[in-house]
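>
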Amino acid sequence: MEIKLLLETAKSRAWEEFGEAMGKDYRSAPKRFWQTVRRLRGGRQQLAHTVYSGDGELLTSTGAIVGRWKEYFEELLNPTYAHSEEEPEPGDLGMDCPISGAEVAEVVKQLHSGGAPGADEVRPGYLKAMDVVGLSWLTRLCNIAWSSGAVPMEWQTGVVVPIFKKGDLRVCSNYRGITLLSLPGKVYSKVLERRVRSIVESQIEEEQCGFRPGRGTVDQLYTLARVMEGAWEFAQPIHMCFVDLEKAYDRVPRGTLWGTLQEYGVGGFLLRAIQSLYQRSVSLVRIAGSKSDLFPVRVGLRQGCPLSPVLFITFMDRISRRSRGVECVEFGGRRISSLLFADDVVLLASSSSDLQLLLGRFTAECEAAGMRISTSKSETMVLDRKRVACQLRVGGERSYLKWRSLSISGSCSRVRVGGIGRSTGGLVRRLQ
Numbered sequence: 001m002e003i004k005l006l007l008e009t010a011k012s013r014a015w016e017e018f019g020e021a022m023g024k025d026y027r028s029a030p031k032r033f034w035q036t037v038r039r040l041r042g043g044r045q046q047l048a049h050t051v052y053s054g055d056g057e058l059l060t061s062t063g064a065i066v067g068r069w070k071e072y073f074e075e076l077l078n079p080t081y082a083h084s085e086e087e088p089e090p091g092d093l094g095m096d097c098p099i100s101g102a103e104v105a106e107v108v109k110q111l112h113s114g115g116a117p118g119a120d121e122v123r124p125g126y127l128k129a130m131d132v133v134g135l136s137w138l139t140r141l142c143n144i145a146w147s148s149g150a151v152p153m154e155w156q157t158g159v160v161v162p163i164f165k166k167g168d169l170r171v172c173s174n175y176r177g178i179t180l181l182s183l184p185g186k187v188y189s190k191v192l193e194r195r196v197r198s199i200v201e202s203q204i205e206e207e208q209c210g211f212r213p214g215r216g217t218v219d220q221l222y223t224l225a226r227v228m229e230g231a232w233e234f235a236q237p238i239h240m241c242f243v244d245l246e247k248a249y250d251r252v253p254r255g256t257l258w259g260t261l262q263e264y265g266v267g268g269f270l271l272r273a274i275q276s277l278y279q280r281s282v283s284l285v286r287i288a289g290s291k292s293d294l295f296p297v298r299v300g301l302r303q304g305c306p307l308s309p310v311l312f313i314t315f316m317d318r319i320s321r322r323s324r325g326v327e328c329v330e331f332g333g334r335r336i337s338s339l340l341f342a343d344d345v346v347l348l349a350s351s352s353s354d355l356q357l358l359l360g361r362f363t364a365e366c367e368a369a370g371m372r373i374s375t376s377k378s379e380t381m382v383l384d385r386k387r388v389a390c391q392l393r394v395g396g397e398r399s400y401l402k403w404r405s406l407s408i409s410g411s412c413s414r415v416r417v418g419g420i421g422r423s424t425g426g427l428v429r430r431l432q
């Protein structure tokens with residue numbers, strides 16, 4: 001028994017050390033990180049030499065296969081929705097300062113050497129090898145884009161590379177698309193991201209921990225665990241709804257996004273510069289050495305763009321603020337009605353009726369902003385000393401969300417956040 005315990009301890013320690021090493025490699029040695037991932041997954045995933053069409057016909061010619069991939073991703077990246085776009089008023093272009101050489105040099109310095117090139121085939125090594133003269137030319141190019149409100153077409157072009165997930169290799173939906181963008185364009189986007197973040201960061205609510213410096217999933221797990229402990233101690237039920245948004249990043253209406261940014265103080269040259277990256281946004285699919293024709297991408301945030309995370313959390317913050325009401329749980333003198341990590345949302349209330357009201361408002365704000373809640377992937381959970389039902393309805397739909405009830409008895413010391421627990425699912429498993 002003692003030997004078994006020692007083996008389990010050693011095994012656990014080895015996995016922790018491996019995880020720490022992988023985390024360091026992801027930040028500082030991405031090439032080694034992905035080599036390890038491929039080795040663990042059994043090497044590179046091969047693409048199918050044939051795919052099915054949308055009608056189920058097996059395609060074998062290169063032209064037909066590339067055309068099918070273009071059709072699939074064009075439909076995927078342009079979801080349809082019934083929503084009226086908000087057109088922001090033109091902002092005051094005022095005295096927005098030009099981009100400095102120091103801003104560009106700092107961003108170039110932080111580029112990962114192993115990154116893949118975009119449509120212009122410019123690799124990170126090319127930019128990192130530039131001397132003062134080269135950086136000054138790149139700064140000049142960024143300032144031309146900044147002052148004119150227009151960027152090169154290559155900066156607006158995404159190269160979509162299908163990555164196999166699981167299932168039949170011949171079915172397009174069994175792949176996810178990774179979008180590669182122009183590296184000079186990403187330098188420009190990162191400079192804009194820093195300027196946007198300096199404006200909106202202080203305005204975004206504490207409940208949001210996604211894509212924010214110094215915050216992560218552990219912060220939300222810690223808060224949720226403490227709320228659960230308090231509920232157990234004072235015999236108060238906690239009603240939670242874990243909300244899943246359908247294709248959240250791909251559904252963001254751009255007109256609504258521009259209006260949101262103006263509400264948060266982003267305007268003038270900065271807003272115009274962001275919009276310029278989306279004016280003629282297009283993509284192509286690269287598959288087995290062949291490229292598809294270009295197709296427009298009219299909806300959603302740009303995948304792989306350094307700007308997208310801060311734009312998304314600003315967009316979600318507006319939805320969260322507008323949906324807030326009096327329904328909440330109280331903890332440490334603070335009223336908490338939601339916790340967010342980017343598009344992962346949990347709504348909290350002290351009763352099922354309050355949670356239904358909170359979910360109703362959140363759903364309405366999401367729909368008004370062009371977003372949609374997935375009823376099949378969202379779920380409710382009740383934490384109480386006895387098992388109770390909690391059936392919630394989303395919008396006008398008659399289908400109810402899945403629910404589970406957890407009863408707490410005995411000591412609440414089992415509710416904890418450890419080094420291994422990195423997801424709400426892990427926390428739920430420990431409670432059970």
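When you line the sequence shown up against full-length UniProt numbering, it's residues 1 to 432, in that order. We treat Cβ as the ideally placed atom computed from N, Cα and C, and that holds for glycine.
(1) With a 10 Å radius around its C-beta and 16 neighbouring C-beta atoms as the bar for buried, classify glutamate 57 as buried or exposed.
(2) Report yes or no: do three or more beta-carbon pairs, one from the region 129-137 and one from the region 160-171, lie closer than 8 Å?
(3) With DSSP as the reference, please indicate the residues paired to methionine 22 in a beta bridge.
(4) Pick helix, strand or coil for proline 213, following the three-state DSSP scheme.
(5) Along the chain, where does the alpha helix (DSSP H) that runs through serine 113 open and close?
(6) Might you give, ordered along the chain, the residues of its own chain that have their beta carbon closer than 8 Å to the beta carbon of leucine 93, omitting 5 neighbours on each side?
(7) The alpha helix (DSSP H) spanning phenylalanine 242 covers which residue range?
(8) Under a three-way DSSP split, which group does aspartate 120 fall into?
(9) Under the three-state reduction of DSSP, which class applies to arginine 280: helix, strand or coil?
(10) Can you tell me which of Gly67, Ser198, Asp343, Leu111 puts its alpha carbon nearest to the alpha carbon of leucine 245?
(11) Round the Cβ separation of valine 329 and serine 338 to the nearest angstrom and send it over; I've been treating them as touching at under 8 Å.
(12) How long is the line joining the alpha carbons of proline 117 and alanine 368, rounded to whole angstroms?
(13) Consult DSSP for serine 100 and reduce its assignment to one of helix, strand or coil.
(14) According to DSSP, simplified to helix, strand and coil, what is tyrosine 222?
(15) List the residues that DSSP assigns as beta-bridge partners of arginine 32.
(16) Using CA atoms only, rank isn't needed, just tell me which of Leu141, Gly158, Val159 is closest to valine 151.
(17) Would you mind reading off the limits of the alpha helix (DSSP H) that contains valine 200?
(18) I need the straight-line Cα distance from glutamate 16 to methionine 22, nearest angstrom please.
(19) In whole angstroms, what separates the C-alpha of phenylalanine 73 from that of isoleucine 3?
(20) Write down the C-beta distance between isoleucine 199 and valine 266 rounded to the nearest angstrom, noting that I regard them as a contact closer than 8 Å.
To lay it out plainly:
(1) Working through the sequence shown from its first residue, we reach residue 57 at position 57. Answer is exposed; the Cβ neighbour count stays below 16.
(2) no
(3) Counted from its first residue, the sequence shown places residue 22 at position 22. Its beta-bridge partners do not exist; DSSP assigns none.
(4) On the sequence shown, residue 213 is found 213 positions in, with the first residue counted as 1. The answer is coil: DSSP assigns proline 213 none of H, G, I, E or B.
(5) Residue numbering aside, residue 113 sits at position 113 when the sequence shown is read from its first letter. Per DSSP, serine 113 belongs to no alpha helix (DSSP H) and is neither H nor E.
(6) As a working note, residue 93 is residue 93 in the sequence shown. Summary for leucine 93: the model assigns pLDDT 39, below 50, so the residue's position carries little reliability; its value from the coordinates is reported in the next sentence. So the list reads Gly268, Phe269, Arg272, once near-sequence residues are dropped.
(7) Along the sequence shown, one-based indexing puts residue 242 at 242. First-last for phenylalanine 242: 238-243, but that is the beta strand (DSSP E), not the alpha helix (DSSP H).
(8) Position 120 of the sequence shown, counted from the first residue, corresponds to residue 120. DSSP places aspartate 120 in coil when its eight states are reduced to three.
(9) Translated into positions along the sequence shown, residue 280 becomes position 280. Reduced to three states, the DSSP call for arginine 280 is coil.
(10) Position 245 of the sequence shown, counted from the first residue, corresponds to residue 245. Checked all of Gly67, Ser198, Asp343, Leu111; the closest Cα to leucine 245 is Asp343.
(11) As a first step, residue 329 is located in the sequence shown; it is residue number 329 there, counting from the start. As a first step, residue 338 is located in the sequence shown; it is residue number 338 there, counting from the start. Their Cβ separation, rounded to whole angstroms, is 10 Å, which puts valine 329 and serine 338 out of contact at 8 Å.
(12) Your numbering for residue 117 matches position 117 in the sequence shown. Your numbering for residue 368 matches position 368 in the sequence shown. Cα-Cα distance, rounded: 37 Å.
(13) On the sequence shown, residue 100 is found 100 positions in, with the first residue counted as 1. In the structure shown, serine 100 sits in coil (DSSP, three-state: anything other than H, G, I, E or B).
(14) One-based indexing of the sequence shown puts residue 222 at position 222. Helix at tyrosine 222.
(15) Counting from one through the sequence shown, the residue named residue 32 turns up at place 32. Looking at the DSSP assignment, arginine 32 forms no beta bridge with any residue, so it has no partner.
(16) Start at 1 with the first residue of the sequence shown, and residue 151 comes out as number 151. The shortest C-alpha separation from valine 151 is found at Leu141.
(17) As a position in the sequence shown, residue 200 is number 200, starting the count at 1. Segment 183-200, the alpha helix (DSSP H) holding valine 200.
(18) Residue 16 sits at position 16 when you count from the first residue of the sequence shown. Residue 22 sits at position 22 when you count from the first residue of the sequence shown. Each residue's Cα considered, the two are about 10 Å apart.
(19) Taking the first residue of the sequence shown as 1, we reach residue 73 at position 73. Taking the first residue of the sequence shown as 1, we reach residue 3 at position 3. Each residue's Cα considered, the two are about 53 Å apart.
(20) Position 199 of the sequence shown, counting from 1, holds the residue named residue 199. Position 266 of the sequence shown, counting from 1, holds the residue named residue 266. Right, their Cβ atoms sit about 6 Å apart.
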